[in-house]
Every structure is written in C-alpha cells, then in structure tokens.
C-alpha cells in the first residue's frame with residue numbers, strides 16, 4: 180500500500196465532504212472525482228487505484244482539467260482489489276489518514292471475458308464487484324457513523340436483474356459467461372446495500388444504490404459494447420454524494436437520471452436472500 184502525494188499525509192479539516200471513490204483512475208470513477216474536486220472549497224476527494232503511478236497521473240489530470248490552484252483537496256490511496264489483504268489495509272489507511280471521511284462511493288468493478296481467479300482463490304468478478312466493497316463498507320462504517328451524517332453509495336448496473344444467484348455455484352465454476360457473472364455480482368451489490376441500509380437505520384449513515392447507464396468505459400468495451408460519453412455517467416453519483424434531497428433517503432435505487440426507481444426486482448429485495456448472502460460472504464472472509 181502506497182501513501183498518496185500530500186506532504187502532511189493527513190487531510191486539512193475544512194471540507195464539507197470527504198469522499199472516497201473506489202476505482203477512480205479511469206471511466207465514470209475518474210469523471211466523478213474530477214467533477215467533485217472542481218468544487219474545491221466543499222469536497223475533499225480521495226482517488227483510489229491499483230497503482231501509485233495511475234493514481235498520481237489521475238490526480239495531475241484532475242488538477243489540470245479543473246485548473247485547481249493546487250492539490251490541497253485531492254489525494255489518493257492504492258490497493259489492488261484482487262487481493263483482499265490490500266482491501267483491508269486500505270481501509271486501515273483511510274481511517275488513519277482521512278479521519279473526516281463521510282462519503283464512501285463504491286464504484287470499482289470489472290467485467291472479465293475469461294474466468295479468472297484472484298490471489299485469494301476466488302472468481303475475480305465476484306471478489307472485485309462484491310466481496311471487496313462488502314469488506315470496505317464494513318471496515319469503514321464506524322468511521323462513517325462517527326462523522327455522520329454520512330453516505331455509502333454502491334454503483335450497480337442496469338443488468339442487475341438479468342440472472343438470479345446460483346447458490347450452488349456462486350463463483351461460476353461451471354460454464355463461465357461474463358455477463359451472467361457480472362449481472363449476478365451486481366445483484367449481490369443490491370442485496371448487500373439493502374441489507375446494510377436496514378442495519379444502518381437511525382445511525383446517521385445512509386446507504387443507496389445507483390446505475391450509471393450504458394457508458395463508454397473500459398469495462399463496457401471489455402463486454403464488446405459501446406455507450407454514451409463518460410460525462411453522462413456521473414449524474415446519479417454526483418446527486419447521491421451532494422444533494423440535500425437525499426439527506427434521509429436510505430435503501431433507495433436511483434437510475435442514471437438520478438430518479439429513484441420504485442420497481443425493484445424480487446430477488447434484490449428478498450430479505451432472506453440478503454441475509455443469506457451477508458452470512459455467506461462473512462464466512463468467506465473469515466477463512
């Protein structure tokens with residue numbers, strides 16, 4: 180784990196929001212970081228990426244694009260989500276370096292053409308899209324509660340309801356197909372978010388889910404598709420990070436126009452499945 184580029188190693192304390200955006204060295208994550216950092220009197224933005232080089236160039240890009248006077252409202256943390264030990268170390272680093280954290284935006288995600296296993300021996304889509312944000316949210320929730328009002332936001336996908344979970348083959352060892360596993364991982368994101376929202380009721384921390392639309396990103400190209408410009412993919416995330424209108428909204432699902440979706444899939448709102456997934460993941464992390 181590499182520390183970011185600030186001399187003091189701890190952030191100044193004058194910001195309304197301190198926002199950690201996972202997977203923010205390209206695509207929608209980077210664009211979201213750029214837009215939030217432009218309001219440099221309000222937002223302190225923590226970029227996350229797999230390498231210090233990528234994070235450093237992302238910070239330079241954001242400072243340059245926004246013509247910021249300096250990098251006093253932006254920093255970064257490094258962790259490779261293919262290693263769950265790095266996820267845990269990153270959570271500890273965030274707690275020590277950014278004690279004012281009050282927004283966690285879980286944006287990192289992969290869509291992989293071939294079945295790949297992580298350093299932990301788990302299927303990679305399952306680990307990066309579901310297990311890593313689960314660990315991060317659980318490890319940072321106490322800090323978020325301390326700094327409440329706080330927000331946890333999960334980025335899902337329009338395809339979250341395409342495939343039900345297969346409890347006998349959660350890591351798709353049999354007949355891997357990229358969209359089946361990606362879709363299931365995003366259903367897991369919904370289930371985790373809604374379970375967490377219930378758990379956080381009354382704590383001053385809210386938890387909501389969004390889908391950014393079909394946006395031209397590296398992830399989408401990996402799936403063999405093209406989409407709208409990345410600038411169109413940030414509306415819901417910016418809204419859920421900043422808007423006063425969602426101060427008390429908890430357990431909501433928002434579309435790419437930042438409108439709350441009332442019709443949710445039966446699986447995503449099934450409390451028994453949510454609890455089962457939570458326990459399944461918890462046991463996995465104890466191994």
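Numbering (our numbering), first residue to last: 180 to 466. No residue lacks a Cβ here, since even glycine has one placed at the ideal position from N, Cα and C.
| Asked | Found |
| --- | --- |
| Return the bridge partner residues of residue 329 from the DSSP annotation. | 384 |
| Kindly indicate which three-state DSSP category residue 462 falls into: helix, strand or coil? | helix |
| Put residue 283 into one of helix, strand or coil per three-state DSSP. | strand |
| State the Cα-Cα distance for the pair residue 399 and residue 312, rounded to the nearest angstrom. | Below a pLDDT of 50, predicted positions are generally treated as unreliable, and residue 399, at 49, falls in that range; no measurement from the model is reported. |
| Compare the beta carbon distance of residue 203 and residue 196 with 8 Å and say whether it is the shorter of the two. | no |
| Is residue 438 buried or exposed, if buried means 16 or more other CB atoms sit within 10 Å of its CB? | exposed |
| What are the partner residues of residue 196, as DSSP defines its beta bridges? | 222 |
| Helix or strand or just coil, what does DSSP make of residue 206? | helix |
| With three or more beta-carbon pairs closer than 8 Å as the criterion, would you say the region 238–257 touches the region 445–455? | no |
| Can residue 332 and residue 389 be called in contact, C-beta distance under 8 Å? | yes |
| Please classify residue 354: does DSSP put it in a helix, a strand, or coil? | coil |
| Are there 16 or more other CB atoms within 10 angstroms of the CB of residue 232, so buried, or fewer, so exposed? | exposed |
| Quick check: what's the CA-CA separation for residue 273 versus residue 283? | 11 Å |
| Between 221, 322, 266, 426, which lies nearest to residue 275 when the distance is taken from Cα to Cα? | 322 |
| How big is the Cα-Cα spacing for residue 328 and residue 354? | 44 Å |
| Which two residues bound the contiguous beta strand (DSSP E) that contains residue 238? | Counting along the chain, residue 238 falls outside any beta strand (DSSP E), though it belongs to the alpha helix (DSSP H) covering 231–245. |
| So, does the region 212–221 touch the region 247–265, judging by three or more C-beta pairs under 8 Å? | yes |
| Got a sec? Which residues, its chain only, sit under 6 Å from residue 444 by beta carbon, not counting five neighbours each side? | 340 |
| If I measure Cβ to Cβ from residue 183 and keep anything under 6 Å in the same chain, skipping five residues before and after, which residues do I get? | Note that residue 183 has pLDDT 47, beneath the 50 cutoff, so the model's placement of it is unreliable and no number is given. |
| Would residue 214 be called buried (16 or more neighbouring beta carbons within 10 Å of its own) or exposed? | buried |
| Which ranges would you report for the beta strand (DSSP E) in the region 295–340 if only whole runs of at least 3 residues count? | 329–334 |
| As a quick exercise: from 326, 298, 304, pick the residue whose alpha carbon is nearest that of residue 198. | 326 |
| Kindly indicate which three-state DSSP category residue 428 falls into: helix, strand or coil? | coil |
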